[in-house]
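Quick note: the sequence shown uses our numbering, first residue 559, plus one each step.
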Amino acid sequence: MEKNKKNFNWRGFTSLYITLSFIIMAISGIILYFAPPGRVANWSYWRFLGLLKSQWQAIHTIFTFLFIIAAGFHLFFNWKPFIAYLKTKFESSIKLRKELIISSLVVVLIFVMTINDSVPFKNVMDFGEELKDSWSTQKTEPPIPHAEDLTIFEFAKTINIPVDELKRSLVAQGFSIPNDEITIKEIAKQNNISPNDIYNKIKPNNNQLNQPLGEGRGYGRKTLSEICSQNNISIDVALSNLKAHGIEAKENEKLKDIATRYNLLPIDVANKALGIKKESE
559 MEKNKKNFNW RGFTSLYITL SFIIMAISGI ILYFAPPGRV ANWSYWRFLG LLKSQWQAIH
619 TIFTFLFIIA AGFHLFFNWK PFIAYLKTKF ESSIKLRKEL IISSLVVVLI FVMTINDSVP
679 FKNVMDFGEE LKDSWSTQKT EPPIPHAEDL TIFEFAKTIN IPVDELKRSL VAQGFSIPND
739 EITIKEIAKQ NNISPNDIYN KIKPNNNQLN QPLGEGRGYG RKTLSEICSQ NNISIDVALS
799 NLKAHGIEAK ENEKLKDIAT RYNLLPIDVA NKALGIKKES E
């Protein structure tokens, strides 16, 4: 009795793999479109469908690279049909010269408008930024960006607490602190909690309103009214503070737009609106 032996179909494998990879790339890309900024995601251990943002980023990156490699193999296995297809399309494109020129111009136009931040592509990017920024609250923001990577000594200095006092507070909460060089992220990992959970347990109660705001916290995407609301200051006071610096603004205007108009950084606009002076001022 003859046994039918079927060889592995590499052409079919690459075709199916490319299809499945594309689906995963599309899903992970959509998730990363609305995922919070890294400073918030890494600090609060943000998850979607059980996976951290860093894991979604890894999935998207790895599957993109493998998709390109698989596409190369797919082209190799289908080289003859591909060449025949190109010849056919080239011959038909002569008849569709007008369509070819217009489609090429459309591609170039989209490319140029995208890199120049033009409408409507600007709206797509702004909407994504708004979705990302919606995850950012006073409870989820770290004291400084990527504070989870700070050692106990560095973190104590950042939140203005003596390192010995911070260590005693953490030990009293049941955390093990072997030395000053252990990072907040390492402590969180050992206890299966987020760095934000640790911070909430030992957060100082002192009012930090008069301290300059830290950079890299997404201030450019916030409106002036949002900054005022988060820092418990009247919008009228903020507008008055800005006017004292020669800055005219509207309450629903984004800080990045105000900053661009006056050749400033968004963080500088925020500090001036809140009446906060830097040490150099």
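A virtual CB, placed ideally from N, CA and C, is assigned to each residue, including glycine.
From a predicted model like this one, the values you see are computed outputs, not experimental measurements.
Beta-bridge pairing of residue i - partner residues as DSSP gives them
| i | result |
| --- | --- |
| proline 605 | As written in the sequence, residue 605 is arginine, which differs from the proline given in the question. Per DSSP, Leu610. |
| lysine 812 | Thr781 |
| threonine 741 | Thr709 |
Residue i, DSSP secondary structure in three states
| i | result |
| --- | --- |
| threonine 695 | coil |
| serine 787 | helix |
| alanine 807 | coil |
| leucine 767 | With a pLDDT of 41 at leucine 767, under the threshold of 50, the modelled position of that residue is not reliable, and the figure given next carries that caveat. Coil at leucine 767, not helix or strand. |
| asparagine 600 | helix |
| serine 675 | Before going on, a small fix: residue 675 reads as aspartate here, not serine. Three-state result, aspartate 675: coil. |
| proline 595 | coil |
| asparagine 636 | coil |
| tyrosine 643 | helix |
| isoleucine 834 | coil |
| histidine 618 | helix |
| isoleucine 717 | coil |
| leucine 689 | helix |
| phenylalanine 733 | coil |
| asparagine 749 | coil |
| isoleucine 702 | coil |
| asparagine 821 | coil |
| isoleucine 668 | helix |
| asparagine 565 | coil |
Start and end residues, alpha helix (DSSP H) containing residue i
| i | result |
| --- | --- |
| valine 721 | 721 to 730 |
| aspartate 794 | 793 to 802 |
| serine 586 | 568 to 592 |
| proline 753 | 753 to 760 |
| aspartate 826 | 824 to 831 |
Any non-hydrogen atom of the ligand ATP within 8 Å of residue i CB
| i | result |
| --- | --- |
| alanine 746 | Of ligands this structure carries none, so the ligand ATP is not represented either. |
Given 8 Å, three or more beta-carbon pairs between the stretch 780 to 792 and the stretch 807 to 821: yes
Stretch pair the stretch 688 to 706 + the stretch 598 to 612: three plus CB contacts closer than 8 Å: yes
Three-pair Cβ contact test at 8 Å for the stretch 786 to 802 versus the stretch 743 to 756: no
Any 3 or more C-beta pairs closer than 8 Å across the stretch 576 to 585 and the stretch 638 to 646: no
Segment contact, 8 Å Cβ cut-off, at least three pairs: the stretch 565 to 581 with the stretch 616 to 632: yes
Touching by the beta-carbon criterion (3+ pairs, under 8 Å), the stretch 710 to 730 and the stretch 606 to 617: no
At least three beta-carbon pairs within less than 8 Å, the stretch 690 to 697 to the stretch 587 to 595: yes
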